[in-house]
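All you need for our numbering is the position in the sequence shown, starting with 1, plus 1. For every residue, glycine included, the Cβ atom is placed at its ideal position computed from N, Cα and C. Reading through the C-alpha cells given below for one structure.
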Amino acid sequence: MKINNVALGGVQVSVFANQGAVIDAMFDRLETQGAAVAFSMNAEMIILAQHNPDYLALTRQDCSLCFADGIGVVKAVEIKSKQKLPRLPGCELWEALMKVAGASNIAVFLVGASAKVIQQTQQQLKAQYQVSVVGYADGYFDNEQQLIEQIKSSGARIVSVAMGSPKQEQFIFRCRDAGIQAIFMGVGGTYDVYTNNVKRAPVFWQKAGLEWLYRLLSQPTRWRRQVNLLRFIGLFLQKRL
Ligand code: UDP
Numbered sequence: 002m003k004i005n006n007v008a009l010g011g012v013q014v015s016v017f018a019n020q021g022a023v024i025d026a027m028f029d030r031l032e033t034q035g036a037a038v039a040f041s042m043n044a045e046m047i048i049l050a051q052h053n054p055d056y057l058a059l060t061r062q063d064c065s066l067c068f069a070d071g072i073g074v075v076k077a078v079e080i081k082s083k084q085k086l087p088r089l090p091g092c093e094l095w096e097a098l099m100k101v102a103g104a105s106n107i108a109v110f111l112v113g114a115s116a117k118v119i120q121q122t123q124q125q126l127k128a129q130y131q132v133s134v135v136g137y138a139d140g141y142f143d144n145e146q147q148l149i150e151q152i153k154s155s156g157a158r159i160v161s162v163a164m165g166s167p168k169q170e171q172f173i174f175r176c177r178d179a180g181i182q183a184i185f186m187g188v189g190g191t192y193d194v195y196t197n198n199v200k201r202a203p204v205f206w207q208k209a210g211l212e213w214l215y216r217l218l219s220q221p222t223r224w225r226r227q228v229n230l231l232r233f234i235g236l237f238l239q240k241r242l
C-alpha cells in the first residue's frame, strides 16, 4: 500500500484523504508488518519528538502510522504538501475503528484511563457497536508484564491505549516487542470523551479549528501543554520543522 508522507521535525506524517483510508492502512500494516501502531499527531507530540529522540524513533518504525489530528499539524502538512487535508481527530477515528471491530467481530482489548472510565467504556462499546471486548485494564496498573501476558493470551487483534504520550506509545511498543500481533492505537483522553466524563468542544469550535482553545478554556491547568502549539508554530515559521 503506497502512502505519502510529509516530514515534520523528523516525524513522518501520512497524508490520508479520510478516516477509511487510515483504517485500511492499519489493516495493511498488520498484515505486512505483523502490527500497526497509529499515532494521532498534534503539535504537542511533534514538539515532544524534538526533545525525545526515543519517542521520535517510535514514530518512525515500519509499523507506525502517524495521521494528522491537531489543526496545527494539518495546516503545516497542507503547506508542505500543497494539498488540502482533512483533520482526523483521534477520538473519532478510534470510534470508527470500534464500529469496524463490532461489525467484523474483531477482538478488542482496552487499556488506559481510570477504573471507572474504562469500565464504562467497555460496557458502552458492547451496547453501542456490539464490540467483542476480550479484556480491559485501567491505566494505573502495577504489573506491566502480567498485563502484557494477559493481552497476548486474550487473542485481541485491536488494542487501544489511553495513557497520554509518550507513556501509551512506550507501552504499545513493549506489547509489540512481546510478540503481540495487533492494530495498536494510542488514544489519549478518548475514553473520557466517549463516556461523557470530559466534554469535547461544540461542533462550531471544532469546525473553526479552535478545539485546542476550547480545551484550554475548559481545562486551564493544561496551559503548559498548550504552549507547545505556539512553540510548534514558531518553529514551523522559522522553517525548523
Ligand atoms: N492516564 C492513564 N495512566 C497514566 C496517565 C494518564 O491511564 O499513567 C490516562 C488518564 O486517566 C486520561 C488520559 O490518560 O484518561 C489522559 O490523556 P491526555 O489528557 O494526555 O490525552 P490527550 O491530551 O492526548 O487527549
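8 Å or more divides the Cβ of L111 from the Cβ of F17. Rounded to whole angstroms, the gap between the alpha carbons of Q13 and S166 is 17 Å. Comparing C-alpha distances from Y56 to each of A97, W224, I173, A179 shows the shortest one belongs to I173. Between the ligand UDP and the CB of S161, the shortest heavy atom gap is not smaller than 7 Å.
According to the DSSP assignment, V204 belongs to the alpha helix (DSSP H) that extends over 204-208.
In this structure, DSSP gives F40 an extended state, which the three-state scheme calls strand. When only Cα atoms are considered, D63 and A26 end up about 12 Å apart. In the structure shown, the three-state DSSP call for A22 is helix. Within the region 65-120, the complete alpha helix (DSSP H) segments of 4 residues or longer fall at 72-82, 91-105, listed in chain order. Straight through space, the alpha carbons of F185 and I47 are spaced by roughly 19 Å.
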